[in-house]
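Q: The numbers in the UniProt record's numbering rise by one with no breaks, and the one at position 96 of the sequence shown is 96. Note that beta-carbon positions come from the ideal geometry of N, C-alpha and C, so glycine has one too. Just so it is clear, the structure is predicted and the values come from calculations on it, not from any experiment.
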Amino acid sequence: MRDEGDFEALFAHEFPRVARVVHHVVGDRARAEEITQDAFVELLRHWRTVVAYDRPDLWLRRVAIRKAQRERRRGWRGRELEALAAPPEVVGPPPTPAPEVLEAVRRLAPGQRAVVVLFYLEDRPMTEIAEILGIRESTGWSQLHTARKHLAQALRSEVSDA
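1) Assess contact between the segment 66-74 and the segment 44-53, defined as three or more Cβ pairs (one per stretch) separated by less than 8 Å. Is contact present?
2) For D57, count the other beta carbons within 10 Å of its own beta carbon; 16 or more makes it buried, fewer makes it exposed. Which is it?
3) What first and last residue would you give for the alpha helix (DSSP H) that runs through G111?
4) With the cut-off set at 9 Å, would you say V116 and A64 are in Cβ contact?
5) Grab the span of the alpha helix (DSSP H) containing E34 for me, first residue to last.
6) What does a CB cutoff of less than 6 Å around Q143 pick up in its chain, not counting 5 residues either side in sequence?
7) Quick one: residues in its chain with C-beta nearer than 7 Å to the C-beta of E131, no 5 flanking neighbours on either side, listed in chain order?
8) Between the Cα of K149 and those of D28, R31, V105, A52, spot the shortest distance and give me the residue it belongs to.
9) Name the two residues that bound the continuous alpha helix (DSSP H) containing A130.
Below you can see the structure in the form of structure tokens.
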């Protein structure tokens with residue numbers, strides 16, 4: 001990956017994948033695409049440096065997820081309830097989890113949500129997740145453990161309410 005064509009190839013390959021992860025973090029498809037575009041602009045700005053990395057795609061995901069987490073913390077006001085309830089589009093396999101599961105994931109803290117999305121929906125190993133999020137691997141495992149407890153509790157209450 002050394003030239004403009006390499007950037008375009010990375011864009012074509014990674015945009016849908018990164019947008020899907022960001023969508024799971026922010027809960028709004030249009031906003032996820034905007035954040036993903038912003039992450040690619042950032043990548044283009046730093047292309048000469050990032051292209052030398054072993055995995056420029058991991059750098060890109062880190063930037064996109066951090067932007068998405070900042071967006072969630074700010075509490076973007078423009079999203080609608082329908083967007084929160086609708087399951088995100090899946091680019092290919094894996095299947096979309098049940099809406100109740102997605103809603104429970106959306107209620108997690110931003111760090112936990114990012115770890116869950118990358119671990120379960122992107123099927124990434126924890127070493128890669130830690131690198132993407134800029135955290136220690138042990139922190140990632142801890143966030144995943146806590147997220148699992150919260151999800152189990154939320155889904156149990158969903159079942160008991162039904």
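A: To lay it out plainly:
1) no
2) buried
3) 110-116
4) no
5) 29-45
6) G111, Q112, V115
7) L58
8) V105
9) 126-133
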